[in-house]
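Residue numbers (our numbering): 15 to 468.
Since the structure comes first, as structure tokens, the remarks are kept for the end.
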Amino acid sequence: MLIKDLWCKEARKLLFIVVVAALVGYGFGFTLEVLCLTLVIYWAWQILQLRQIERWLAQQDPGEPPHCKGFLIHLIDRVYELQKREKRAQLALKGIIHRAQASANALEEGIAILDHYNCLEWWNKSASRMIGLQYPQDTGQPITHLLRDPSFVHYFNEQKYESPLVLKSPESLKRTFEFRITLFGKNNKLILIRDITDLVHLERVRSDFIANISHELRTPLTVLKGYIETFLDIDCQFSDRHLLGFQSMQEQTERMQSLLEDLLLLSKLEKSPGPAAKLSKESLVLLPKLLDSLIEEARVLGKKRDVSIEFDFEGTFDLYGCPQEIRSAFSNIIINAVHYSKPNSSVFIRCFLLGRQGCFQVVDRGIGIESKHITRLTERFYRVDQSRYTSTGGTGLGLAIVKHVLLRHQAELKIESHIDQGSIFTCVFSEKRTRIHPVVSLEGNKLKDTALGL
Ligand code: ADP
Numbered sequence: 015m016l017i018k019d020l021w022c023k024e025a026r027k028l029l030f031i032v033v034v035a036a037l038v039g040y041g042f043g044f045t046l047e048v049l050c051l052t053l054v055i056y057w058a059w060q061i062l063q064l065r066q067i068e069r070w071l072a073q074q075d076p077g078e079p080p081h082c083k084g085f086l087i088h089l090i091d092r093v094y095e096l097q098k099r100e101k102r103a104q105l106a107l108k109g110i111i112h113r114a115q116a117s118a119n120a121l122e123e124g125i126a127i128l129d130h131y132n133c134l135e136w137w138n139k140s141a142s143r144m145i146g147l148q149y150p151q152d153t154g155q156p157i158t159h160l161l162r163d164p165s166f167v168h169y170f171n172e173q174k175y176e177s178p179l180v181l182k183s184p185e186s187l188k189r190t191f192e193f194r195i196t197l198f199g200k201n202n203k204l205i206l207i208r209d210i211t212d213l214v215h216l217e218r219v220r221s222d223f224i225a226n227i228s229h230e231l232r233t234p235l236t237v238l239k240g241y242i243e244t245f246l247d248i249d250c251q252f253s254d255r256h257l258l259g260f261q262s263m264q265e266q267t268e269r270m271q272s273l274l275e276d277l278l279l280l281s282k283l284e285k286s287p288g289p290a291a292k293l294s295k296e297s298l299v300l301l302p303k304l305l306d307s308l309i310e311e312a313r314v315l316g317k318k319r320d321v322s323i324e325f326d327f328e329g330t331f332d333l334y335g336c337p338q339e340i341r342s343a344f345s346n347i348i349i350n351a352v353h354y355s356k357p358n359s360s361v362f363i364r365c366f367l368l369g370r371q372g373c374f375q376v377v378d379r380g381i382g383i384e385s386k387h388i389t390r391l392t393e394r395f396y397r398v399d400q401s402r403y404t405s406t407g408g409t410g411l412g413l414a415i416v417k418h419v420l421l422r423h424q425a426e427l428k429i430e431s432h433i434d435q436g437s438i439f440t441c442v443f444s445e446k447r448t449r450i451h452p453v454v455s456l457e458g459n460k461l462k463d464t465a466l467g468l
């Protein structure tokens, strides 16, 4: 029945009661009294029914509805129907949550969910096994009280979650875990923990293999190179064809040697931990001294290719780090700039402060690089095109070495380039790697930074 009909029926019923009461009252000569008494009984009955309904609704788990009469039956039916629907929805939701939890528990990866106060809300079985979380005592505990490793605490508080954190397992140092944090909801966090022990092992095997093979090839190559040099040095009566062959062999062995040296350097960089910042006098790289020798080398190389070297550095800062590594990185960038410059052009080498960050920049007016290649330049053996490689004789590892060195020094490589206009390679060192000379005014540097277009 429609709700409108129900109200009409109720109104008609009330009208009928009123008319009957009025007639009965009239018959006895007490019309008003009988009418009032009837209405009071009617309201009292309704109130009684409403009270029953209220009690029924107040129950934690309301069972069967109370037996009411009149229009209230319909209301109770509606409420009862809604309750049943909500119960069904709740059951379905519980089922979904249960299935989600069961599937999360079946995962190899550890999952932990934090509330917006960074306290543990829920975690799966793998998380318990991997980082030793215990139910129920760890529920509601701040995650940094449970995972106290300083690197984790620093990573967690710094909130730079773009790249994962790799840590030794807090339970067993033989295992290595990767932690990834994702934000969701109202500053809730999801921590994903992956066991990457096998991956790390494979990576170590790969890098050991490269290091070993490079090492093993070194001796035969040195012998080969020595003999070729001897043959070329001694005054043998070689025909032009033979001489050409020997010269080509010498060129190729030299190329192989620099390739092996670069491979060895790369695997050394990968294996050893990065140098510490602000450690001691030994870790201070005096830029004027370093740049002097680099520029000297660049000028010798530039002369062969008609490229001039310009230099701008006021000696305002030095760097903390490993001198050999920084030298190798800077030298690779400078050599590339000279190699890929157009004849009769200039290469500009600059050092300047960007706020409190020390920058080393090399600008060339060379052939430039298409933007699609820029993000891949630091990959091993990535070359923009083969002709460049054959013309310069590079190993294809120079920028990979630069990337590794900078990573180990908490520095960043920025590359700007336009085809046929030239390239700008900038190494930006973090504040803690930069030792600014006490007399330097930082105000002036800000103006200079903008002038360089960074
Ligand atoms: P390579 O030894 O071949 O120079 P790198 O790793 O140093 O290897 O550089 C990777 C590639 O990046 C090079 O092959 C070259 O194509 C490109 N490249 C690097 N520096 C420059 C530059 N200053 N101008 C143009 N192209 C460059």
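C-beta: ideal position from N, C-alpha, C; glycine also.
* Report the three-state DSSP secondary structure of Tyr-131 (helix, strand or coil). => Here residue 131 is taken as the residue at index 117 of the sequence shown, counted from 1. Of the three classes helix, strand and coil, the one that applies to Tyr-131 here is coil, per DSSP.
* Asked: Given Ala-425, which residues of its chain have a CB within under 7 Å of its CB, disregarding the five upstream and five downstream residues?
  -> Here residue 425 refers to the residue found at position 411 of the sequence shown. Only residues of its own chain outside the window of five on either side were considered, and among them Cys-441, Val-442, Phe-443, Ser-444 and Arg-447 have a CB closer than 7 Å to the CB of Ala-425, listed in chain order.
* So, do the segment 124 to 139 and the segment 201 to 208 have three or more beta carbon pairs nearer to each other than 8 Å? -> Segments in contact, yes.
* To do: Pick helix, strand or coil for Arg-390, following the three-state DSSP scheme.
  => Stepping through the sequence shown from its first residue, residue 390 is reached at position 376. In the structure shown, Arg-390 falls within a coil segment according to DSSP collapsed to helix, strand and coil.
* Cutoff 6 Å; reference Ser-253; Cβ partners in own chain excluding five residues on either side -> Here residue 253 corresponds to residue number 239 of the sequence shown, with the count starting at 1. Cβ within range, chain order: n/a, list empty.
* Asked: Where are the beta strand (DSSP E) runs, 3 residues long or more, that stay fully inside the segment 279 to 356, in chain order?
  -> Secondary structure within the segment 279 to 356: the beta strand (DSSP E) runs of 3 or more consecutive residues, fully enclosed, are 322 to 326 and 331 to 334 (chain order).
* **Neighbourhood of Val-38 by C-beta, 6 Å cutoff - its chain only, sequence neighbours within 5 removed** => As a working note, residue 38 is residue 24 in the sequence shown. Closer than 6 Å at Cβ, skipping near neighbours: Val-48.
* From this set, Ala-312, Ser-342 and Pro-184, which residue's C-alpha is nearest Ile-363's C-alpha? -> For the purposes of this step, residue 363 is taken as residue 349 along the sequence shown, with counting starting at 1. Here the closest residue by C-alpha is Ala-312.
* **Close beta carbons around Asp-276, own chain, < 6 Å, minus the five adjacent residues each side** => Counted from its first residue, the sequence shown places residue 276 at position 262. The beta carbon of Asp-276 lies closer than 6 Å to those of Thr-409 and Leu-411 in the same chain, with the five residues before and after it left out.
* the segment 22 to 37 in contact with the segment 78 to 91 per 3-pair CB rule at 8 Å -> Three or more beta-carbon pairs separated by less than 8 Å link the segment 22 to 37 to the segment 78 to 91, which places the two stretches in contact.
* For the 8 Å Cβ check, are there 3 or more pairs between the segment 227 to 244 and the segment 264 to 278? -> Result yes; three or more Cβ-Cβ pairs closer than 8 Å.
* To do: May I ask you to verify whether the segment 338 to 357 touches the segment 312 to 328, counting CB pairs closer than 8 Å and requiring at least 3?
  => With the cut-off at 8 Å, the segment 338 to 357 and the segment 312 to 328 touch.
* Flag this pair as yes or no: are the beta carbons of Ile-299 and Ile-340 separated by less than 8 Å? => Here residue 299 is taken as the residue at index 285 of the sequence shown, counted from 1. Here residue 340 is taken as the residue at index 326 of the sequence shown, counted from 1. Correcting the residue identity first, residue 299 is Val in this sequence and not Ile. Yes; because the gap between Cβ atoms is below 8 Å, this pair is in contact.
* Could you tell me the distance, in whole angstroms, from the CA atom of Asp-399 to the CA atom of Ser-345? => Indexing the sequence shown from 1 puts residue 399 at position 385. Indexing the sequence shown from 1 puts residue 345 at position 331. Between the C-alpha atoms of Asp-399 and Ser-345 there is a straight-line separation of about 22 Å.
* Taking only the alpha-carbon atoms, compute the straight-line gap between Tyr-241 and Gln-264 and give it to the nearest angstrom. => By one-based count along the sequence shown, residue 241 stands at place 227. By one-based count along the sequence shown, residue 264 stands at place 250. Note on geometry: alpha-carbon atoms of Tyr-241 and Gln-264 lie some 10 Å from one another.
* To do: Let me know if Arg-422 comes out buried or exposed under the rule of 16 or more other beta-carbons within 10 Å of its beta-carbon.
  => As a first step, residue 422 must be located in the sequence shown, where it is residue number 408. The residue is buried, with at least 16 neighbouring Cβ atoms inside 10 Å.
* Asked: Does the ligand ADP have even one heavy atom less than 7 Å from the beta-carbon of Asn-346?
  -> In the sequence shown, the residue the question calls residue 346 occupies position 332. Set against 7 Å, the gap from the CB of Asn-346 to the closest heavy atom of the ligand ADP is smaller.
* To do: Could you tell me whether any non-hydrogen atom of the ligand ADP is closer than 7 Å to the CB of Arg-379?
  => Working through the sequence shown from its first residue, we reach residue 379 at position 365. Relative to the ligand ADP, even the nearest heavy atom lies 7 Å or more away from the CB of Arg-379.
* In chain order, what residues of the same chain lie with their CB nearer than 6 Å to the CB of Glu-192, ignoring the 5 residues before and after it? -> Against the sequence shown, residue 192 aligns to sequence position 178. Sequence-distant partners of Glu-192 (beyond 5 residues in either direction) whose C-beta falls short of 6 Å from its own C-beta, in its chain, are Pro-178, Val-180, Arg-208 and Ile-210.
* Starting from Leu-368, follow its DSSP beta bridges and name the residues at the other end. => Mapped onto the sequence shown, residue 368 falls at position 354. According to DSSP, Leu-368 bridges with Gln-371.
* Would you call Tyr-149 buried or exposed, if buried means 16 or more other Cβ atoms sit within 10 Å of its Cβ? -> Against the sequence shown, residue 149 aligns to sequence position 135. Here Tyr-149 is exposed, its C-beta having fewer than 16 other C-beta atoms within 10 Å.
* Are Gly-154 and Ser-140 close, meaning C-beta to C-beta below 8 Å? -> The count along the sequence shown starts at 1 and reaches residue 154 at position 140. The count along the sequence shown starts at 1 and reaches residue 140 at position 126. Against a cut-off of 8 Å, the Cβ pair of Ser-140 and Gly-154 comes out as no contact.
* Asked: For Ile-224 versus Ser-281, is the C-beta spacing smaller than 8 Å?
  -> Sequence index remark: in the sequence shown, residue 224 carries index 210 (1-based). Sequence index remark: in the sequence shown, residue 281 carries index 267 (1-based). Yes, the pair counts as a contact, with Cβ atoms nearer than the cut-off.
* Leaving out the 5 sequence neighbours to the left and right, which residues in its chain are closer than 8 Å to Ile-415 when beta-carbon positions are compared? -> In the sequence shown, counting from the first residue as 1, residue 415 sits at position 401. Counting only residues of its own chain and dropping the five nearest sequence neighbours on each side, Ile-415 has a CB closer than 8 Å to the CB of Asp-276, Leu-279, Leu-280, Leu-283, Ser-342, Ala-343 and Asn-346.
* Unbroken stretches of the beta strand (DSSP E), 3 residues or longer, contained in the segment 223 to 271 -> Taking only runs of at least 3 residues, no beta strand (DSSP E) segment lies wholly in the segment 223 to 271.
* Per DSSP, what kind of secondary structure is Leu-51 in: helix, strand or coil? -> Here the question's residue 51 lines up with position 37 in the sequence shown. Three-state DSSP puts Leu-51 in a helix.
* When Gly-369, Pro-287 and Ser-359 are compared against Gln-435, the one with the closest alpha-carbon -> Stepping through the sequence shown from its first residue, residue 435 is reached at position 421. The option with the nearest alpha carbon to Gln-435 is Ser-359.
* Can Lys-239 and Gln-261 be called in contact, C-beta distance under 8 Å? -> Walking along the sequence shown from the start, residue 239 turns up at place 225. Walking along the sequence shown from the start, residue 261 turns up at place 247. It is not a contact, given that the beta carbons lie outside the stated cut-off.
* To do: Run the proximity test for Ser-281: is its beta-carbon closer than 7 Å to any non-hydrogen atom belonging to the ligand ADP?
  => Within the sequence shown, numbered from 1, the residue matching residue 281 stands at position 267. Judged by the Cβ position, Ser-281 fails to qualify as a neighbour of the ligand ADP at the 7 Å threshold, every heavy atom of the ligand being at least this far.
* Would you say the beta carbon of Gly-382 comes nearer than 7 Å to a heavy atom of the ligand ADP? -> Along the sequence shown, one-based indexing puts residue 382 at 368. At least one heavy atom of the ligand ADP sits closer than 7 Å to the Cβ of Gly-382.
* State yes or no: is the beta carbon of Glu-445 nearer than 8 Å to at least one beta carbon in chain C? => Among the protein chains of the structure shown there is no chain C, as only one such chain exists.
* Might you give, ordered along the chain, the residues of its own chain that have their beta carbon closer than 7 Å to the beta carbon of Asp-332, omitting 5 neighbours on each side? => What you label residue 332 is simply residue 318 of the sequence shown in a count that begins at 1. Non-local beta-carbon contacts of Asp-332 in its own chain, meaning distances under 7 Å to residues more than five positions away in sequence, involve Leu-298, Val-299, Leu-300, Leu-301 and Arg-449 in chain order.
* For Asp-91, the first and last residue of its enclosing alpha helix (DSSP H) -> Within the sequence shown, residue 91 is the residue found at index 77, counting from 1. Annotation for Asp-91: the continuous alpha helix (DSSP H) segment containing it runs 86 to 120.
* **Element boundaries [alpha helix (DSSP H), containing Phe-170]** => Taking the first residue of the sequence shown as 1, we reach residue 170 at position 156. DSSP places Phe-170 inside the alpha helix (DSSP H), whose first and last residues are 164 to 172.
* State buried or exposed for Phe-166, treating a residue as buried only when at least 16 other CB atoms are found within 10 Å of its CB. => Mapped onto the sequence shown, residue 166 falls at position 152. By the C-beta density criterion, Phe-166 is buried, having at least 16 other C-beta atoms within 10 angstroms.
* Distance cut-off 7 Å: Thr-409 Cβ against heavy atoms of the ligand ADP -> By 1-based counting over the sequence shown, the position of residue 409 is 395. Under cutoff, so the answer is yes.
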